[in-house]
Structure formats: C-alpha cells, structure tokens
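Here is the structure we will look at.
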Amino acid sequence: MGLFSFGKKKKKKPARSCDLEGSLLEFGEGYLLTSSQIIKSKRFWDNKMVEPETLAYSKAHFERNDEMGTKMRTMIFQKYSSQEKPWLVGDGQVNQFEVDKNQAREFAQKWWESEFTFTPPEAGSADKVMTDAEYQEWKDYAIMKAGEAQLKKIG
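Dropping the structure here:
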C-alpha cells in the first residue's frame, strides 16, 4: 500500500443474485444461460410447477381441468421463455439443465468482466431463437404436463 493510498477504499467487486432462486453470487461466480436453455429442461419445469408458489395452479390444472390454473401456468412459462437478457444461475441450479457447464461458466466470466454487457450466442426470447416446433414442444410440456407425476406422488 503506497503512501497516497491511505484512507482510500478498495473498489468492491459487485455481487448479483441467482436469477432462479436468489442466492448471492460473488464476482465471477455462476453460469450464464439463455432463455431457450432454461425452458428446454423437463427437470426444471417439473420442479417449477410444484413449488409452493405454483402448486395450487398445477393442482387446479390437473385435478379440476381449471382454466385459470392452466392460464397461470402459461404465464409462468412466458416469464421464463420471453426474457431477452441471459440468466445468471448458481451452482445449486445449473444441474437442472443439460448444458455445457464449462462454456456456461466461461460466458458468465465474460459477462462479469464486461460489467454485465456480454451476451452469449442464442440469447433472447426463446420463441425468436428456437424453431417453432421445438418452442411449441417445450411450451406444451411446461404448461400441460410439467409436475403431473410429482403431484400424483404427493397425492
């Protein structure tokens, strides 16, 4: 420490929250995923649709064929599929997705170093990036099927 740096604060590196569950990630941590990578995961959808916040909608959808339950599940899907910016995901969430973790980690590093301006290839709203057929396949799964097996287990 030099004579003239006495009393100066070191610039603190920023931290960000995991975009999926809110845990704090320090500078350089995490994985950067695109909306299309997020929505192409049965594991993610099966978990998402039986979380405490979404369970009532899923029960209404499956048990009563309730239109409002299905509509809410559609809105949940749209929240994850329509995001233009990439998703910063922590260690506790990345295993839900079938992605190249090394590449996603490298993209996260670039994102941190660029002060959050780096955008990975294929970023953007999933309906604009994916083929219509692939997008529709995942949309149908998320809205119409996700969480059904888990609901049967918990009764």
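Residue numbers for the sequence shown follow numbering that gives the first Met the number 0, beginning at 0 and rising by one. Beta carbons: idealized from backbone N, C-alpha and C, even for Gly. The model shown is predicted, which means the values in this text are computed figures rather than measured ones.
Please work out which residues of its chain come closer than 6 Å, Cβ to Cβ, to residue i, disregarding the five sequence neighbours upstream and downstream, and give them in chain order.
i           : result
residue 146 : 45, 48, 49, 57
Just verifying my parser: in three-state terms, what is the DSSP assignment at residue i?
i           : result
residue 72  : helix
residue 63  : coil
residue 150 : helix
residue 34  : helix
Do residue j and residue i count as a contact pair if the criterion is CB distance below 8 Å?
i           : j          : result
residue 17  : residue 92 : yes
residue 19  : residue 85 : no
residue 88  : residue 29 : yes
residue 165 : residue 22 : Because the chain in this structure spans residues 0 to 154, residue 165 falls outside the shown range and cannot be described.
Among the options, which one has its Cα closest to the Cα of residue i?
i           : options           : result
residue 162 : 94, 41, 37, 110   : For the chain, the structure presents residues 0 to 154; residue 162 sits outside this window and is missing.
residue 54  : 71, 12, 131, 38   : 71
residue 95  : 152, 77, 43, 105  : 43
residue 135 : 111, 38, 104, 151 : 38
For residue i, collect the residues of the same chain with a Cβ closer than 7 Å to its Cβ; drop the 5 residues on either side in sequence, then sort them by chain order.
i           : result
residue 108 : 27
Open item on the list: Does the structure place the segment 72-85 close enough to the segment 115-135 that three or more beta carbon pairs sit under 8 Å?
Closed with: Yes, since at least three Cβ pairs between the segment 115-135 and the segment 72-85 fall closer than 8 Å, the two stretches touch.
Open item on the list: Pairs of beta-carbons, one from the segment 59-79 and one from the segment 110-121, closer than 8 Å: are there three or more?
Closed with: Per the Cβ contact rule, the segment 59-79 is not in contact with the segment 110-121 (fewer than 3 Cβ pairs under 8 Å).
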